[in-house]
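Before any comments, here is the structure.
In the numbering used here, the protein residues as written are 209 to 471.
In structure tokens:
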């Protein structure tokens, strides 16, 4: 059966199997993972320590290797501004301190429900609208006392990057448009988004490449349209950001069905 990749402007949902262990070194998005077939393994990149569980919440910037044991996964890339992450943390039962001073979480309290719904998606793929409604149910909404870092200038910077995805708009230009100095913008952006402006730009370009592939373009055509110099640069960026080659998820040979949320 085909893997499923559901795309929206805020989240991305992958339902399927990864063909090899996934490296998440300084990843570009926080992720929520649920296995439908027992425990998967997270290996700390620094210590080699192994954490086993059926569900994980992995904040942006974590350095781990994920061994999925060929299980069908629900793999949700969360929103860039950290609202989903802050909302999910109270729903996880077990925190683990990693060696690079980051923390991951396991034991999502609605685990069994997500497993059942993921298998339903896998066996009879619904529309993107239905899948993103389910993902919203999994994540929920922030409680009144949820701590969410927010800054309207960083939100505007994210929007500028999204609107100018094919252009190498400079940090200086972005800083001027949001009325910040370059150093202060870079500091705030890293604090709130969790990664550098460069890595976020790469991440968003990869997302837009997948969107354009959904419309019928080849990997090469889509990569060129979103600002990569060639397919090789896209492949390097994809592996740097996602820990896999594009062929593992996006290409025709990977047997992936891409579906886009419209509106």
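In this text, a Cβ means the ideal position worked out from N, Cα and C, and glycines have one as well.
Predicted model only: the values in this text are computed from it and were never measured.
Next item on the list: Just list the alpha helix (DSSP H) runs in the segment 263-334, keeping only unbroken ones of 4 residues or longer that don't cross its boundaries, in chain order.
Entry: 291-296 and 319-331
Next item on the list: With a 10 Å radius around its C-beta and 16 neighbouring C-beta atoms as the bar for buried, classify residue 254 as buried or exposed.
Entry: Along the chain shown, read from residue 1 onward, the residue named residue 254 stands at position 46. Classification of residue 254: exposed, given that the 10 Å Cβ count is below 16.
Margin query: On a Cα-Cα basis, can you pick out the residue from 361, 341, 371 and 319 that is closest to residue 389?
Written below: Counting from 1 along the chain shown, the entry for residue 389 is found at position 181. By alpha-carbon distance to residue 389, the top candidate from 361, 341, 371 and 319 is 361.
Note to self: Less than 9 Å between the C-beta atoms of residue 216 and residue 340, yes or no?
What the structure shows: Sequence index remark: in the chain shown, residue 216 carries index 8 (1-based). Sequence index remark: in the chain shown, residue 340 carries index 132 (1-based). Yes, the Cβ-Cβ distance between residue 216 and residue 340 is below 9 Å.
Check: Which residue from 392, 410 and 210 puts its Cα closest to that of residue 333?
Finding: Locating residue 333 in the chain shown gives position 125, where the first residue counts as 1. Checked all of 392, 410 and 210; the closest Cα to residue 333 is 210.
Notebook entry, point to check: Relative to the alpha-carbon of residue 408, which residue among 368, 440 and 319 has its alpha-carbon at the smallest distance?
Noted result: As a position in the chain shown, residue 408 is number 200, starting the count at 1. Among 368, 440 and 319, the Cα nearest to that of residue 408 belongs to 368.
Item checked: Beta-carbon proximity of residue 467 to residue 281, cut-off 9 Å -> Stepping through the chain shown from its first residue, residue 467 is reached at position 259. Stepping through the chain shown from its first residue, residue 281 is reached at position 73. Against a cut-off of 9 Å, the Cβ pair of residue 281 and residue 467 comes out as no contact.
Checklist line | Whole-Å CB distance - residue 284 paired with residue 239, under 8 Å assumed | finding: Numbered from its first residue, the chain shown carries residue 284 at position 76. Numbered from its first residue, the chain shown carries residue 239 at position 31. That pair is a contact at about 6 Å.
Checklist line | residue 214, enclosing beta strand (DSSP E) - first and last residue | finding: Position 6 of the chain shown holds residue 214. Element bounds for residue 214: 211-215.
Check: What residue ranges within the segment 366-406 form continuous alpha helix (DSSP H) runs of no fewer than 4 residues, ordered along the chain?
Finding: 379-385 and 390-401
Item checked: Short Cβ contact (9 Å threshold) for residue 278 with residue 219 -> Numbered from its first residue, the chain shown carries residue 278 at position 70. Numbered from its first residue, the chain shown carries residue 219 at position 11. No.
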